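Residue numbers (my numbering): 13 to 272.
Every residue, glycine too, gets a C-beta built ideally from N, C-alpha and C.
Please read these numbers as outputs of a predicted model, since none were measured by experiment.
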Amino acid sequence: MPPLLLRTASGRLITFGLGSLSFCFAAFANPLTDLQKSAAKWSQIRSETSRLESDWVAERSVLKASISGLNIEADQLELEQRALASEAQKHTEEINALTARNQANDAAIAQTVDRLATLSGELIALRPALPPRLSHALDLPFRTIAQDDLKPADRMRHTMAILNRCQQFDQTFVMTEEVLPVEKGGEDRLLEIVYWGLSQACALDRSANETFIGRPVDGVWRWVPAPGLAEAAAKLIAVRQDEVPPDFVTLPFQVTGGEK
């Protein structure tokens, strides 16, 4: 390609080759391409940024709603926790009250057991002073309360049985026949006996025509001979058995203990 001639203002000619022009265009082409690439990349980044911003706005709304819901749930849980703490405190107080009550009951039971043991000992010591018929009838309860390993409930039951039976016997007149000695180590006799409660009795030995007055003396039941009372004792027994019309019978009974 022929060179290009250009004239300057002074009239000088300047020659350019087309090859040189092509080189200049080629030199400017690379920065333009880079600029286009940068613009495309920036546009892509901007688009991604916009998308992320949109996603963040949407997610932020969801997160705000979630946070609000969690705050409400936290408040509810706090209220429930306070209610549970209050109820737990109430239960703790009830448990403490029950524990104190159980301890008081245990102490009362222990005291009752000790009192029962003491009462059992007193009843056993009192047994020799009981009328023979009553003492024999209460043999099983007396032998039971003498056991050291007896359960409190059983001790209470047998103790009450003894007390109730003694009270019942003390409020009645009992007519009976018994075979027993009237003195320690003596021979057994067939006696017709009338008991006046726990403190007095009259016994008649018809075969020997002898009469005895029974009562507790110094903590032991004793039969004391009563000469000359056989007829009165026989009349008393006949009246008690409705064999004769009711009548007054005089016997030397007393209501005090001891030898007098």
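Separation of residue j from residue i, as counted between CA atoms
{"i": "residue 261", "j": "residue 214", "result": "12 angstroms"}
{"i": "residue 201", "j": "residue 140", "result": "19 angstroms"}
{"i": "residue 37", "j": "residue 58", "result": "Low per-residue confidence applies at residue 37: pLDDT is 46, beneath 50, and the placement is therefore not dependable enough to give any value."}
{"i": "residue 111", "j": "residue 100", "result": "16 angstroms"}
{"i": "residue 173", "j": "residue 115", "result": "29 angstroms"}
{"i": "residue 33", "j": "residue 48", "result": "Any reading at residue 33 must be qualified, since the residue scores a pLDDT of 46, below 50, and its modelled position is unreliable; no value is offered."}
{"i": "residue 151", "j": "residue 157", "result": "10 angstroms"}
{"i": "residue 220", "j": "residue 235", "result": "15 angstroms"}
{"i": "residue 46", "j": "residue 54", "result": "12 angstroms"}
{"i": "residue 62", "j": "residue 56", "result": "10 angstroms"}
{"i": "residue 180", "j": "residue 117", "result": "32 angstroms"}
{"i": "residue 270", "j": "residue 230", "result": "Residue placement at residue 270 is flagged as unreliable, the pLDDT there being 46, under the threshold of 50; the coordinate-derived value follows with that caveat. Cα-Cα distance, rounded: 5 angstroms."}
{"i": "residue 239", "j": "residue 205", "result": "16 angstroms"}
{"i": "residue 86", "j": "residue 119", "result": "48 angstroms"}
{"i": "residue 67", "j": "residue 76", "result": "14 angstroms"}
{"i": "residue 258", "j": "residue 196", "result": "35 angstroms"}
{"i": "residue 89", "j": "residue 79", "result": "15 angstroms"}
Residue nearest to residue i in terms of C-alpha spacing, selected from the options
{"i": "residue 147", "options": "246, 175, 130", "result": "175"}
{"i": "residue 237", "options": "77, 189, 223", "result": "223"}
{"i": "residue 263", "options": "229, 255, 257, 249", "result": "249"}
{"i": "residue 185", "options": "207, 191, 198, 169", "result": "207"}
{"i": "residue 217", "options": "197, 69, 191", "result": "191"}
{"i": "residue 121", "options": "194, 168, 82", "result": "168"}
For residue j and residue i, believed in contact at Cβ under 8 angstroms, the rounded distance
{"i": "residue 178", "j": "residue 210", "result": "6 angstroms"}
{"i": "residue 252", "j": "residue 187", "result": "5 angstroms"}
{"i": "residue 233", "j": "residue 144", "result": "6 angstroms"}
{"i": "residue 138", "j": "residue 171", "result": "The Cβ separation is near 12 angstroms, so there is no contact."}
Which residues DSSP lists as bridging residue i, in chain order
{"i": "residue 217", "result": "222"}
{"i": "residue 186", "result": "207"}
{"i": "residue 235", "result": "226"}
{"i": "residue 200", "result": "193"}
{"i": "residue 212", "result": "208"}
Closer than 8 angstroms: residue i CB and nearest the ligand COA heavy atom
{"i": "residue 68", "result": "The ligand content of the structure shown is nil, which means the ligand COA is not present either."}
Point to revise | Contact between the stretch 128-137 and the stretch 160-171 (3+ Cβ pairs under 8 angstroms) | key: yes
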